[in-house]
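The structure appears below as structure tokens.
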Amino acid sequence: MNCKSCIIIIYLSLFPILMFAQNNKAEKVSGSELKETEQPISTDQKPVVKKKKLTSGEGVKAWKVNEAFATETVCEPDTASLNFERTTTPIYKETIAAEWLGNLGLPGQSAIFSQRHETSLVGDYIFRNPYLPYFKSTENITFYNTRVPYSNLSYYTGGYTNHGEDHLTGILSMNVNKRLNLGLDVNYIYGRGSFYNQSSDGLTGALNGSYRGERYSVYFIAGLNNFRNFENGGITNDADLKSITDSYNIPVRINNAWSVYKSFYIWVNQQYSIGFKKLDPDDSDKKTFVPVTTFGYTVKFEGSRKKYYEKSITANYYANNYYSDKTTRDTTSNNILRNILSVTLNEGFQKWAVFGVRAFAEADVEQNMCLIADSVYGYQSQCLVSVGGELFKRKGKTNYGVLGEVLLLGSKNRLAFNVSGDFNTEIPIKNEKLLISAVGHVKSTNPSHFTESYYSNHFIWENKFDNTWSARGYGNIAIPNKYCNFSIGAGWQGVKNYIYFGNDGTPKQSPDFIQIISGNVRCDVHVKWFNWENQATIQYSSNKDILPLPLVSIYSNLYFKWLVFKKILTLQVGVDCRYNTAYYANAYMPATGQFYLQNETLVGNYPLMNVYLNMHLKQFRVFLMYYNLSQVFMEPTYFAVPHYPLNPGMFKVGISWNFYN
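Add 662 to a position in the sequence shown, counting from 1, and you land on the number used in the numbering used here.
Structure representation (structure tokens):
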């Protein structure tokens, strides 16, 4: 690390102590030791009541919504005092194992099959999928209701100046009144790359707002997801990791290629409820509105575009050059307008209304574009109509829901359907509680448009695929405890007519019925200052040639935690590790941005270890971390995708500050 980075680390290490000193000094000011009710009051003046300063998320309510009906799910503001260092790798936010190109902002997907993206009834824009770990989509935008303006600014950096990475996030939310809130969520990533021609940058963000009235409510999001990453095709020889000290000097397969993905969307949900008013049981002079029937309308427009460029084409890397053997300018786009009308008979408006019922209809217009010849673009449009219903119970200790949807008018007049359900209950056992949950689905989905028809400089295909059939069931039992949180689950999934990318990088369809059996266990031990958190997932695929998966994936986090300086400063020191057994992980194709089958290189059997220090003081958080500590004492086989190494060992440092004013 350079001198500048060392100074930053020293400053951040001392910052919480300086904050404590300032806080301690302020407490010694005359009169500040007295409680608010003990302050002397002049007989000539009216009492002045000081406003309480909000800290650690107090006075801030947060929730997320689903895209179709804006159903709310309560969540916590990001004020956690532990494990702040995990934010450095967004690819692992929702999974413990991933197939990933190794640098911040580069494409990736989960190595846990049940956690991979599930397509809609009519398929999806496949070029979006590799960037989903970094997306600001409708369902991961957080809405707030705040008593005072709330904002957060977070920044982390790592590695050497020329080959490091930076990540900046900002959140701003404020209420105009008690019902109307406006917010802004911005995220910028810049990974210069430890290997040649590997840099990436991405800008994601969303302007959002909500109005939650007694009868009328509206949600609004205007978001963008823009990414650019250079493509190097992986390193030429994996053994170079052992012999070449500077990773940037290791030869790579492609030198002058890059990909660009851009999308913009606007999403609006409106709801109007009719019902009656009844006396508030806590205030006999006040009446509250009880919604009986709710009418909803959701509209969303999203425009997406993916481009792949080559200034000069590397010889012998691609088998074909259909349009040009000098340069490449591949382009595809997808525009979709969704409209959903719904009518809901709400749960709980009377004692006998123990569940809610919803009926809905959706009408979409979709347009796909592709470069079908040199400088010639082809467009394909389609109208999609589906109807469905839902029965749900979301109040009380037992919750459940069943949703059914059928596609009446789809691509090439093909039908599709989906039936899915979930169940959650809480059973008290003495001083503890037992949590039982289950999810499942049965569905038939259309192939995605670009798996059937695609034209580019290096790849051209025209396919006619059948619907993919899928059935899944998963159950989990959890026993939360102060000293040991334990959960265990098991699942089964069957897929017929599975669509994948074969060894030649083009889409294929398997007529076989592929089964995936999985199990997972979690055990978090917390005893005073000693903490050990563990997760493990086992997966078995009945057809490893078509659907390869790691048999065992593990994440373990061992740390020690102390409260110091009058118990206002939290210190966390620990080491975490990710590990999965070796398997023939999917390779990556730069020209299409897709992961495809390969049977030559085993990937895995490498424990990726990180050692870290976290500090949390009121609204301020900081971490110091050394990434990929395993490289110091193990063979350099740190790959998650064939020929794409993870970043070598590097120091990382990050800060986060919440503001309530």
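For glycine and all other residues, C-beta sits at the position ideal for the given N, C-alpha and C. The structure displayed is predicted, hence computed values, not measured ones.
Measuring straight from C-alpha to C-alpha, what distance separates P1149 and N1143? Taking the sequence shown and counting its residues from 1, one reaches residue 1149 at position 487. Taking the sequence shown and counting its residues from 1, one reaches residue 1143 at position 481. Here the sequence assigns Ser to residue 1149, which means Pro is not the residue at that position. Cα-Cα distance, rounded: 11 Å.
Taking buried to mean at least 16 other C-beta atoms within 10 Å of its own C-beta, is H1278 buried or exposed? Reading the sequence shown from its first residue, position 616 is the one you call residue 1278. Result: buried.
From the DSSP output, which residues share a beta bridge with M1296? As a first step, residue 1296 must be located in the sequence shown, where it is residue number 634. Partner(s): none; M1296 has no beta bridge.
Please go through the same chain and pick out, in chain order, the residues whose beta-carbon is closer than 6 Å to the beta-carbon of K969, but skip the five residues on each side of it. The residue labelled residue 969 in the question sits at position 307 within the sequence shown. Within the same chain, K969 has close Cβ partners V922 and T993.
Out of I833, V1284, K1059 and A1302, which one is the CA nearest neighbour of K1314? Locating residue 1314 in the sequence shown gives position 652, where the first residue counts as 1. Considering only alpha carbons, the answer is V1284.
Whether or not the segment 956 to 968 and the segment 925 to 934 are in contact is what I'm after, with contact meaning three or more pairs of Cβ atoms, one per stretch, closer than 8 Å; do they touch? yes
Could you tell me if K798 is buried or exposed, where buried requires 16 or more neighbouring beta carbons within 10 angstroms of its beta carbon? Along the sequence shown, read from residue 1 onward, the residue named residue 798 stands at position 136. K798 comes out buried.
Grab me the residues of G1063's own chain with a C-beta within less than 6 Å of its C-beta, minus the 5 sequence neighbours each way, in chain order. Reading the sequence shown from its first residue, position 401 is the one you call residue 1063. Closer than 6 Å at the Cβ level, and outside the excluded window around G1063, lie F1054 and D1084.
Straight-line gap, V1049 to A773 (C-alpha atoms, nearest Å): The count along the sequence shown starts at 1 and reaches residue 1049 at position 387. The count along the sequence shown starts at 1 and reaches residue 773 at position 111. V1049 and A773: Cα-Cα distance of roughly 33 Å.
Determine the burial state of P1090: buried for a count of at least 16 other Cβ atoms within 10 Å of its Cβ, exposed for fewer. If you number the sequence shown from 1, residue 1090 lands on position 428. So P1090 ends up on the exposed side.
Backbone CA spacing between E698 and K1280 [nearest angstrom]: Along the sequence shown, one-based indexing puts residue 698 at 36. Along the sequence shown, one-based indexing puts residue 1280 at 618. Confidence at E698 is low in this model, with a pLDDT of 33, below 50, so its placement is unreliable and the value that follows should be read with caution. So the two alpha carbons sit approximately 21 Å from each other.
Whole-number beta carbon distance between F1282 and W1319, since they are thought to touch under 8 Å: Here residue 1319 corresponds to residue number 657 of the sequence shown, with the count starting at 1. Here residue 1282 corresponds to residue number 620 of the sequence shown, with the count starting at 1. At roughly 5 Å, the Cβ-Cβ gap stays under 8 Å, so W1319 and F1282 are in contact.
Are the CB atoms of I975 and I883 nearer to each other than 8 Å? Translated into positions along the sequence shown, residue 975 becomes position 313. Translated into positions along the sequence shown, residue 883 becomes position 221. Taking 8 Å as the Cβ cut-off, I975 and I883 do not qualify as a contacting pair.
Kindly indicate which residue of P953, P769, Y1288 and L1096 has the alpha-carbon position closest to the one of N888. Numbered from its first residue, the sequence shown carries residue 888 at position 226. Comparing Cα positions, the closest option is P769.
So, for K904: in the same chain, excluding its five sequence neighbours on each side, which residues have a beta-carbon less than 7 Å away from its beta-carbon? As a working note, residue 904 is residue 242 in the sequence shown. These residues qualify, in order along the chain: P1298.
Which residues in the same chain as A1035 place their Cβ atom closer than 8 Å to its Cβ, once the five residues preceding and following it in sequence are excluded? Translated into positions along the sequence shown, residue 1035 becomes position 373. Once the five neighbours on either side are set aside, the close Cβ partners of A1035 are Y985 and Y1117.
Within the same chain, show all residues whose beta-carbon is closer than 6 Å to that of Q1262, passing over the 5 residues directly before and after it, in chain order. Position 600 of the sequence shown, counted from the start, is the residue given in the question as residue 1262. It should be pointed out that residue 1262 corresponds to Glu in this sequence rather than to Gln. Nothing listed; no residue qualifies.
Just list the residues that DSSP pairs A1140 with in beta bridges. Position 478 of the sequence shown, counted from the first residue, corresponds to residue 1140. Answer is L1097 and S1149.
Contact check, L1211 vs Y1160, beta carbons under 8 Å: On the sequence shown, position 549 is the one that residue 1211 refers to. On the sequence shown, position 498 is the one that residue 1160 refers to. Result no, Cβ atoms of L1211 and Y1160 do not sit closer than 8 Å.
If you draw a straight line from the C-alpha of L1070 to the C-alpha of E1028, how long is it? As a first step, residue 1070 is located in the sequence shown; it is residue number 408 there, counting from the start. As a first step, residue 1028 is located in the sequence shown; it is residue number 366 there, counting from the start. Cα to Cα, the separation comes out at about 15 Å.
Starting from the C-beta of D902, find all residues in its chain whose C-beta is less than 8 Å away, skip the five residues before and the five after it, and write them out in chain order. Start at 1 with the first residue of the sequence shown, and residue 902 comes out as number 240. Once the five neighbours on either side are set aside, the close Cβ partners of D902 are I912 and P913.
Pair within 8 Å by beta-carbon distance, Y1324 and F1257: Limits of the chain in this structure are 663 at one end and 1323 at the other, which puts residue 1324 out of reach.
Hey, N1061 and N1086: beta-carbon distance below 8 Å or not? Position 399 of the sequence shown holds residue 1061. Position 424 of the sequence shown holds residue 1086. In this structure, N1086 lies closer than 8 Å to N1061 by Cβ.
Three-state secondary structure assigned by DSSP to Q1042: On the sequence shown, residue 1042 is found 380 positions in, with the first residue counted as 1. Q1042: strand per DSSP, three-state reduction.
What is the DSSP secondary structure of T907, reduced to helix, strand or coil? On the sequence shown, residue 907 is found 245 positions in, with the first residue counted as 1. T907: coil per DSSP, three-state reduction.
Using a 10 Å radius around the Cβ and a threshold of 16 neighbouring Cβ atoms, would you call S949 buried or exposed? Here residue 949 is taken as the residue at index 287 of the sequence shown, counted from 1. Note that residue 949 corresponds to Lys in the displayed sequence, not to Ser. The residue in question, K949, is exposed, as its Cβ has fewer than 16 Cβ neighbours within 10 Å.
Please find out if some non-hydrogen atom of the ligand COA comes closer than 7 Å to the beta-carbon of F882. What this structure holds is no ligand at all, so the ligand COA is not there to describe.
Nearest-angstrom Cα distance between K1158 and Q1177? One-based indexing of the sequence shown puts residue 1158 at position 496. One-based indexing of the sequence shown puts residue 1177 at position 515. Their Cα atoms are separated by approximately 9 Å.
Please tell me whether A1198 and A1247 are closer than 8 Å, where the distance is taken between their beta carbons. For the purposes of this step, residue 1198 is taken as the residue at position 536 of the sequence shown. For the purposes of this step, residue 1247 is taken as the residue at position 585 of the sequence shown. Not a contact, by the Cβ cut-off of 8 Å.
Which word fits R1020, buried or exposed, when buried means at least 16 other C-beta atoms lie within 10 angstroms of its C-beta? Taking the first residue of the sequence shown as position 1, residue 1020 is located at position 358. Buried is the call here.
Whole-number beta carbon distance between Y881 and S872, since they are thought to touch under 8 Å: Your numbering for residue 872 matches position 210 in the sequence shown. Your numbering for residue 881 matches position 219 in the sequence shown. 5 Å between Cβ atoms; contact.
Using DSSP bridges, identify the partner residues of H1278. Start at 1 with the first residue of the sequence shown, and residue 1278 comes out as number 616. DSSP output for H1278 lists T1232 and R1283 as bridge partner(s).
Quick one: measure Cβ to Cβ for L869 and Y850, integer angstroms, because I've assumed they're closer than 8 Å. Walking along the sequence shown from the start, residue 869 turns up at place 207. Walking along the sequence shown from the start, residue 850 turns up at place 188. Actually they are not in contact, since the Cβ atoms of L869 and Y850 sit about 15 Å apart, beyond 8 Å.
Quick one: residues in its chain with C-beta nearer than 8 Å to the C-beta of V628, no 5 flanking neighbours on either side, listed in chain order? Nothing can be reported for residue 628: it is not among the residues displayed for the chain, which extend from 663 to 1323.
Can the beta-carbon of G1181 be found less than 8 Å from the beta-carbon of A1140? In the sequence shown, the residue the question calls residue 1181 occupies position 519. In the sequence shown, the residue the question calls residue 1140 occupies position 478. No, these two residues do not count as a Cβ contact at 8 Å.
For G1311 and V961, the rounded distance between their alpha carbons: By one-based count along the sequence shown, residue 961 stands at place 299. By one-based count along the sequence shown, residue 1311 stands at place 649. Cα-Cα distance, rounded: 46 Å.
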